[in-house]
Amino acid sequence: MTMRSSQVIATAAGAAGALVLGCGLISGSLTTITFGIPKKMYSLDTTDGQRWKTPPGGIPAQPCGAGTPIADCCAPAPGVTVDCQSYPLACEAGTCTLGLRVEIPQSINLGMEAPEFKRVEGQSVAAIHLKAIHYDVVNNLNVDVPPIDIFLAPSDATSSTHPGARKLGTVPLLPAGMSSRGDVVLVSGAKEIFASFARSYTVPFTVIAATTVKVKGGTTPAGRLDMTIDGEAQVEFTLASVTD
């Protein structure tokens with residue numbers, strides 16, 4: 352094949368390509384927008400009997416363990432028993448301690464709650480990139496709150512034990528009577544976990560805050576904790592266009 356022949360073929364191919372586009376072939380381009388992850392609020396109030404359950408007689412205050420007045424925190428005195436299935440007591444560091452498991456789910460729907468998605472409604476998502484998750488906590492409880500784990504889960508989930516729940520990150524320990532704000536410490540693979548839920552942005556999912564609060568014997572729990580979670584992410588959309 353001569354150089355002249357190659358040029359003729361290339362020119363013909365280019366003309367054919369232009370003709371195909373001129374007949375209405377759909378081409379696409381990517382656009383990226385940054386969106387705010389809607390704020391979710393979580394509260395733990397000692398007046399809430401559904402989430403804050405302490406034994407009817409309180410948490411035994413005497414020392415526990417071998418050779419102490421209380422050998423078993425679930426049977427702190429002769430003839431006295433505590434339902435430790437309902438009120439999980441254990442002897443920790445010589446003190447009867449209540450382990451109060453708290454899990455609070457909040458629903459999120461990016462398509463409905465993040466206004467940025469309305470600009471590109473109906474477009475195809477190419478990728479989602481999590482930038483950061485923030486927390487803002489006011490702990491007015493009279494006990495420390497251990498690290499709070501943040502999970503993402505399907506819309507029907509109410510607990511982190513749901514088979515579809517995935518841990519996203521952790522809020523650090525929150526001392527009693529203190530306020531704190533910062534970034535959630537994300538787990539390895541958090542960006543992929545977030546993308547797996549957020550990619551279908553019209554489908555709601557659940558954000559769960561979970562921790563186990565420890566209350567030592569002799570302490571009467573009081574107060575309230577309030578926490579908000581939000582953040583930022585980027586989404587890449589494929590914008591379809593038709594040329595005439």
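The opening position of the sequence shown corresponds to residue 352 in this note's numbering, with each subsequent residue numbered one higher. All residues carry an ideal CB built from backbone N, CA and C; glycine is no exception. Computed from a predicted model, the values in this text were never measured in an experiment.
Buried versus exposed, by CB contacts within 10 Å (16 or more), S511: buried
query: Under 8 Å between the Cβ atoms of A527 and V494?
result: yes
task: Count the CB pairs spanning the stretch 458-474 and the stretch 526-545 that are closer than 8 Å, and state whether there are at least three.
output: no
Pairwise C-alpha distance: M463 and P523: 30 Å
message: I believe T562 touches D500 by the beta-carbon criterion, under 8 Å. Please report the beta-carbon distance rounded to the nearest angstrom.
response: 7 Å
field: Buried/exposed call for T382, threshold 16 Cβ in 10 Å
entry: exposed
query: How many Å lie between P411 and C425 at the Cα?
result: 9 Å
message: Taking the alpha carbon of E543 as the reference point, which residue from K518, A573 and K567 has its own alpha carbon closest?
response: K518
- prompt: Under 8 Å, do C435 and G416 count as touching if we go by C-beta distance?
  reply: no
field: Terminal residues of the alpha helix (DSSP H) in which F545 lies
entry: A541 to A549
- request: May I ask which residues mark the beginning and end of the beta strand (DSSP E) holding E443?
  value: L440 to E443
field: Alpha-carbon spacing of S380 relative to L525, whole angstroms
entry: 46 Å
task: Put E454 into one of helix, strand or coil per three-state DSSP.
output: strand
Best match in T579, G387 and T446 for proximity to K482 [C-alpha to C-alpha]: G387
task: Measure the C-alpha to C-alpha separation of G582 and V566 and round it to an integer number of angstroms.
output: 31 Å
- prompt: Since V453 and L395 are thought to touch, with beta carbons under 8 Å apart, how far apart are those beta carbons, to the nearest angstrom?
  reply: 6 Å
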